[in-house]
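**Student:** Numbering (the working numbering), first residue to last: 338 to 706.
Every residue, glycine too, gets a C-beta built ideally from N, C-alpha and C.
None of the values given here were measured: they were computed from a predicted structure.
Have a look at the structure that comes next, please.
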Amino acid sequence: MKKTFRLAAALGATALVLAACGEEPDDTEDDTVEPGVSPTEEMTEEPAADFIGCMVTDEGGVDDKSFNQSAYEGLQAAQSAGVVSDINLVESNAAADYEPNVQSMVAEDCGVIVTVGFLLADTTQAAAEANPEEQFSIVDFIWEEPIENVKPLVFNTHEAAFLAGYLAAGYSQTGSVGTWGGAKIPTVTIFMDGFYDGVQYHNEQKGTDVQVLGWDKEAQDGQFVGDFSNTTLALQISENLIDQGADILLPVAGPLGEQAAIAARDAGETSVIWVDVDGYETVPDYNDLILTSVMKGIAVAVETATTDAAGEAFSNEPFIGTLENDGVGLAPYHDFEDLVPQELKDEVDQLREQIVSGEITVESPAAFQ
């Protein structure tokens, strides 16, 4: 029986978001990522001798332990493989920096310009249309009408977040779990949508009544900091959710996610689900608190897009990361490996297969088609 989880409010046709341990597939051959195989190993053409990879971050900066850092690691991997000769990086500290930062990269001799994040969409579009000879890739955004010289790299993280929600519902001891976001944008809410649906599916299948604090799916509203820099408010929201009974938190806020870990540490008996990357690797000080992570394969997607651009195989065809192509997924349980019941782990694995097969459909207004 096919089960569909629908989100009530429509957010419009442009929507996004990834993190996984897989790789981006070749655009013209196969949509399946082959983990462990660098895209540079499959290049059919030599890259330009002096191919510069350029990148503009959003306000989270390159050390955000999240999607900016992942994108930069993708460029670094391309450089290590000899695909790019040099990297030009410019970090944004505020939204006002986006336009001048992108223009500064246009003024350089960039082989490809990678812009990171939903918030750079308008600036990227304007720069691409004004400079059709430049090649761009953008993380976390896609347009209804494709732009000839921009390759979108987007991720259906709601699929993996559904697994995280089911896991959280099955592991919670208090019967309440919580989630909150940085800015209220589709690349954030898509995680919260999937997480909410996963909890509800557990309730339906197991007869439980686990509550999701911080996100109302039907109203498409919940707890948000409003940006990715206000650590005081992020900590306060985390503490409030814990005080209300949540013993598992899913912060969708880039570098602000650390505030959830701080609150969990102070509260005790509370764990965290990281996003974008494997938090066990990026925030090791909190390894004992990280149940798992909802990941999207930004690094591999950026490396592959850069490799294609350098090899004169640039395409504006979007890369859409899913559970099926390993573009999104759950990280290992790490320190929780022996704490999560085997039955629950098996159920999560089975759910993944059901989503991949289409038996279960997880939907979000922020999803990519």
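Do Leu504 and Val620 come within 8 Å of each other at the CB atom, strictly closer than that value?
**Tutor:** Not a contact, by the Cβ cut-off of 8 Å.
**Student:** Entirely within the region 615-673 and at least 3 residues each: give me those beta strand (DSSP E) ranges in chain order.
**Tutor:** Fully enclosed beta strand (DSSP E) runs of 3 or longer: 627-633, 656-658, 665-667.
**Student:** Can you name, in chain order, every residue of its own chain whose Cβ lies under 7 Å from the Cβ of Lys521, other than the five neighbours on each side?
**Tutor:** Taken in chain order, the residues that qualify are Phe561.
**Student:** For the putative contact between Gly512 and Asp546, defined by C-beta atoms under 8 Å, what is the C-beta separation to the nearest angstrom?
**Tutor:** Yes, Gly512 and Asp546 are in contact; Cβ-Cβ is about 7 Å, under 8 Å.
**Student:** Do Phe478 and Ile450 count as a contact pair if the criterion is CB distance below 8 Å?
**Tutor:** Cβ atoms of Ile450 and Phe478: not closer than 8 Å.
**Student:** Going by other Cβ atoms of all chains shown within 10 Å of its Cβ, with 16 needed for buried, is Leu628 buried or exposed?
**Tutor:** Buried: at least 16 other Cβ atoms inside 10 Å.
**Student:** In whole angstroms, what separates the C-alpha of Glu496 from that of Pro523?
**Tutor:** The alpha-carbon atoms of Glu496 and Pro523 are separated by roughly 14 Å.
**Student:** Can you give the Cα-Cα distance for Ala646 and Glu428, rounded to whole angstroms?
**Tutor:** Their Cα atoms are separated by approximately 22 Å.
**Student:** What number of angstroms, rounded off, separates the C-alpha of Ile424 from the C-alpha of Thr641?
**Tutor:** Roughly 15 Å between the two C-alpha positions.
**Student:** Name the residue from Asp400, Lys402, Gly398, Glu445 whose alpha carbon lies nearest to the alpha carbon of Gly390.
**Tutor:** Ranking the options by Cα distance to Gly390, first place goes to Glu445.
**Student:** Using a 10 Å radius around the Cβ and a threshold of 16 neighbouring Cβ atoms, would you call Gln706 buried or exposed?
**Tutor:** With fewer than 16 Cβ atoms within 10 Å of its Cβ, Gln706 is classed as exposed.
**Student:** Taking 6 Å as the limit between beta carbons, can you name the residues of its chain near Thr568, skipping five residues before and five after?
**Tutor:** Around Thr568: Gln596.
**Student:** Whole angstroms are fine: how far does the CA of Asn662 sit from the CA of Asn493?
**Tutor:** Whole-angstrom Cα-Cα distance: 11 Å.
**Student:** Of all the options Tyr435, Phe532, Val420, which has the alpha carbon lying nearest to the alpha carbon of Ala498?
**Tutor:** Considering only alpha carbons, the answer is Phe532.
**Student:** When you compare only the Cα positions, how much space is there between Gly559 and Ile579?
**Tutor:** Those two C-alpha atoms are separated by around 15 Å.
**Student:** Measuring straight from C-alpha to C-alpha, what distance separates Asn468 and Tyr623?
**Tutor:** When rounded, the distance between both Cα atoms is 44 Å.
**Student:** Suppose the cutoff is 8 Å on Cβ atoms and the five residues either side in sequence are ignored; what does the same chain contact list for His539 look like?
**Tutor:** Taken in chain order, the residues that qualify are Gly502, Tyr503, Ala506, Gly507, Thr545, Val547.
**Student:** If you run the structure through DSSP and keep just helix, strand and coil, what is Gln548?
**Tutor:** Of the three classes helix, strand and coil, the one that applies to Gln548 here is strand, per DSSP.
**Student:** Where Glu466 and Asn430 are concerned, what is the direct C-alpha to C-alpha distance, given to the nearest angstrom?
**Tutor:** Going from the Cα of Glu466 to the Cα of Asn430 covers about 25 Å.
**Student:** Can you give the Cα-Cα distance for Asp387 and Gly454, rounded to whole angstroms?
**Tutor:** Roughly 27 Å between the two C-alpha positions.
**Student:** Is the distance from the Cβ of Ser403 to the Cβ of Asp613 below 8 Å?
**Tutor:** Closer than 8 Å, so yes.
**Student:** Could you tell me the alpha carbon to alpha carbon distance between Tyr672 and Asp625, rounded to whole angstroms?
**Tutor:** First, the amino acid is wrong: residue 672 is Asp here, not Tyr. If you take the alpha carbons of Asp672 and Asp625, they lie about 6 Å apart.
**Student:** Of the residues Leu587, Lys633, Asp603, Gly664, which one's Cα is nearest the Cα of Trp611?
**Tutor:** Ranking the options by Cα distance to Trp611, first place goes to Leu587.
**Student:** What residue range does the beta strand (DSSP E) around Ser608 cover?
**Tutor:** Looking at the DSSP string, the run of the beta strand (DSSP E) that includes Ser608 is 608-613.
**Student:** Quick one: what does DSSP say Lys554 is sitting in, helix, strand or coil?
**Tutor:** In the structure shown, Lys554 sits in coil (DSSP, three-state: anything other than H, G, I, E or B).
**Student:** Just the Cα atoms here: how many angstroms apart are Leu490 and Thr607?
**Tutor:** Whole-angstrom Cα-Cα distance: 33 Å.
**Student:** In three-state terms, what does DSSP make of Ile475?
**Tutor:** Reduced to three states, the DSSP call for Ile475 is strand.
**Student:** Work out the CA separation of Ile599 and Gly658 for me, nearest whole Å.
**Tutor:** Going by the C-alpha atoms only, they are around 30 Å apart.
**Student:** Based on the DSSP secondary-structure assignment, which residues constitute the bridge partners of Leu586?
**Tutor:** According to DSSP, which records beta bridges pairwise, Leu586 is partnered with Gly515, Val609.
**Student:** Can you tell me whether DSSP reads Lys682 as helix, strand or coil?
**Tutor:** Lys682 falls in the helix class under three-state DSSP.
**Student:** Is the beta carbon of Val476 sitting closer than 8 Å to the one on Val525?
**Tutor:** Result no, Cβ atoms of Val476 and Val525 do not sit closer than 8 Å.
**Student:** Short of 6 Å in beta carbon distance, which residues of its chain neighbour Trp552, apart from the five on each side in sequence? Order them along the chain.
**Tutor:** Result list for Trp552: Thr516, Met529, Tyr533, Gly559, in chain order.
**Student:** If you count every other CB in all the chains shown that lies within 10 Å of the CB of Asp675, and 16 or more means buried, which is it?
**Tutor:** So Asp675 counts as exposed.
**Student:** By DSSP, does Phe561 sit in helix, in strand, or in coil?
**Tutor:** Phe561 falls in the strand class under three-state DSSP.
**Student:** Taking buried to mean at least 16 other C-beta atoms within 10 Å of its own C-beta, is Thr698 buried or exposed?
**Tutor:** So Thr698 ends up on the exposed side.
**Student:** Roughly how many angstroms lie between the CA atoms of Glu700 and Lys554, to the nearest whole one?
**Tutor:** So the alpha carbons of these two residues sit roughly 12 Å apart.
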